[in-house]
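Protein chains in written order, with my numbering: chain A, 2 to 229; chain B, -19 to 214.
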């Protein structure tokens, strides 16, 4: 009975991998700054532990800055108390930390091509007695083609390209630290496609989809400060 | 010269981050101009006396450590500077009762600094900043710790040029709140709060060749606590 209970508990513990987060977008012009908030839905196949199919959601604040006309740096962070439907009565303290870079490689016929990389890490610390702590690492690498148009002084950008999306997770239970259920995304290769607008030069709503196993949506809103 | 400075700044940033310990963290500095953006690293020495808020028997109540983090600061208007900080890494140092031999460390923080008034070349600014960090113990001790700090300060700043380089001096009174939660086993956390929150800070910032910033500050909150950092201004 005790073994069965432990198994159920550990299976539950692995059904939610915690969280990973990326801030991906077109390369910014030199000295442009974006401060914003992004909400991400995740749906991945993770192995080797069951259940394979896992989904989770993450929110974070981010800053993106055009250091040069070709280089965009990004940082993200978040601190939340979160709950999850799979774990009623539990409360998780969530730390989200990440950073990345986007590099404009070339521009041909009004279409910009850039490479990006982003790393992030999340801790979901279970404040309740079962101590189902979760840690997640995420890496996104890819190439984007970026195109934008202006209509009545408002800018609409469309971007997309192939992406490598790696997610790894560790699930702890009962405060055991020397052993954890470790999982890794089953499929890393996919693509990302997104759209963003720059309204009145200041407001930047955005949405994009990352495909890796499944379609995963992300929406965001940011304020932009730009010398342009 | 510029390349050499860039290498030195990078090496200093890496060296600072290599000193990563536990956390009490704030990002305070001179007000930035509209559109300015700084990215850097800071090393802070923290020495505070704590008292337990939960009524538990007192333990070693002196916190003595150094911590590092990455930060950014940006001038969103000519009178307001936003700041943020984040770091994830490994840590070993802790001088509380239980030593965290191997812990994963997470830090996030944000703040705002705003101009109150300007008079005869002096600026008076008000700053607030909050930081939270977590040590996730990876050993079987599983003694985890969360630190929360908040600062409110009023600073007088003076800017001048020396040998063609920009120097900023700042000083003023401050309130430094610090709270620590220690999680052991499955019990409620042991909470401690730093005593002597009222104090002050003073600092000097040198911006070399427009882009390279080196700064040193001393915070007084119960004890004198120095902090150093480097940043790149885009």
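Every residue, glycine too, gets a C-beta built ideally from N, C-alpha and C. All values derive from a computational prediction rather than experimental measurement.
- Under the three-pair Cβ rule at 8 Å, the segment 55 to 74 of chain A counts as touching the segment 92 to 105 of chain A.
- Around the CB of residue 181 (chain B), 16 or more other CB atoms lie within 10 Å, so the residue is classed as buried.
- Excluding five sequence positions before and after residue 169 (chain A), the CB atoms of its chain that fall closer than 8 Å to its own CB belong to 137, 138, 139, 183, 184, 185 and 186, given in chain order.
- With distances taken between CA atoms, residue 133 (chain B) lies nearest to B:107 out of B:107, B:144, B:147 and B:158.
- According to DSSP, residue 109 (chain B) shares a beta bridge with B:91 and B:131.
- Contact residues of the segment 116 to 136 of chain B toward chain A are 116, 117, 118, 119, 120, 121, 122, 124 and 126 (C-beta to C-beta distance below 9 Å).
- Here the C-alpha atom of residue 160 (chain B) lies approximately 28 Å from the C-alpha atom of residue 58 (chain A).
- Contact residues of the segment 47 to 63 of chain B toward chain A are 50, 52, 54, 56 and 62 (C-beta to C-beta distance below 8 Å).
- Burial check for residue 47 (chain B): the Cβ neighbour count within 10 Å reaches 16 or more, so the residue is buried.
- Within chain B, the C-beta atoms nearer than 8 Å to that of residue 32 (chain A) come from 15, 17 and 214, in chain order.
- By DSSP's assignment, residue 107 (chain A) forms a beta bridge with A:114.
- Contact note: residue 64 (chain A) reaches chain B through 52, 54 and 64, using a C-beta cutoff of 8 Å and chain order.
- Contacts between residue 96 (chain A) and chain B, judged by CB atoms closer than 7 Å, involve 86, 88 and 114 in chain order.
- Taking a C-beta distance under 7 Å as the contact criterion, residue 140 (chain B) and residue 96 (chain A) do not qualify as a contact pair.
- The residue from B:171, B:82 and B:55 with its alpha-carbon nearest to that of residue 121 (chain B) is B:82.
- In the DSSP assignment, residue 49 (chain A) falls outside any beta strand (DSSP E), carrying neither H nor E.
- Restricting attention to B:123, B:177, B:97 and B:125, the CA atom closest to the CA of residue 11 (chain B) is found in B:97.
- Around the beta carbon of residue 31 (chain B), fewer than 16 other beta carbons sit within 10 angstroms, so the residue counts as exposed.
- Closest in C-alpha terms to residue 118 (chain A), from the list A:207, A:92, A:37 and A:145, comes A:145.
- Your pair residue 135 (chain B) and residue 105 (chain B) checks out as a contact, with CB atoms roughly 5 Å apart and the cut at 8 Å.
- Taking a Cβ-Cβ cut-off of 8 Å, the neighbours of residue 36 (chain A) in chain B comprise 54, 56 and 62, given in sequence order.
- Between the segment 143 to 153 of chain B and the segment 120 to 138 of chain A, the count of Cβ pairs shorter than 8 Å is below three; the stretches do not touch.
- When the Cα atoms are used, residue 166 (chain A) and residue 188 (chain A) turn out to be separated by approximately 8 Å.
- Within chain A, the residues whose beta carbon sits less than 8 Å from that of residue 67 (chain B) are 98, listed in sequence order.
- For residue 141 (chain A), no Cβ of chain B is located within less than 7 Å of the residue's own Cβ.
- In the three-state scheme derived from DSSP, where H, G and I count as helix and E and B as strand, residue 153 (chain B) is classed as strand.
- DSSP, reduced to helix, strand and coil, places residue 191 (chain B) outside both helices and strands of the structure shown, so it counts as coil.
- Taking a Cβ-Cβ threshold of 7 Å, the residues of chain B close to residue 179 (chain A) are 120, in chain order.
- Annotation: residue 65 (chain A) to residue 101 (chain A) spans about 9 Å, alpha carbon to alpha carbon.
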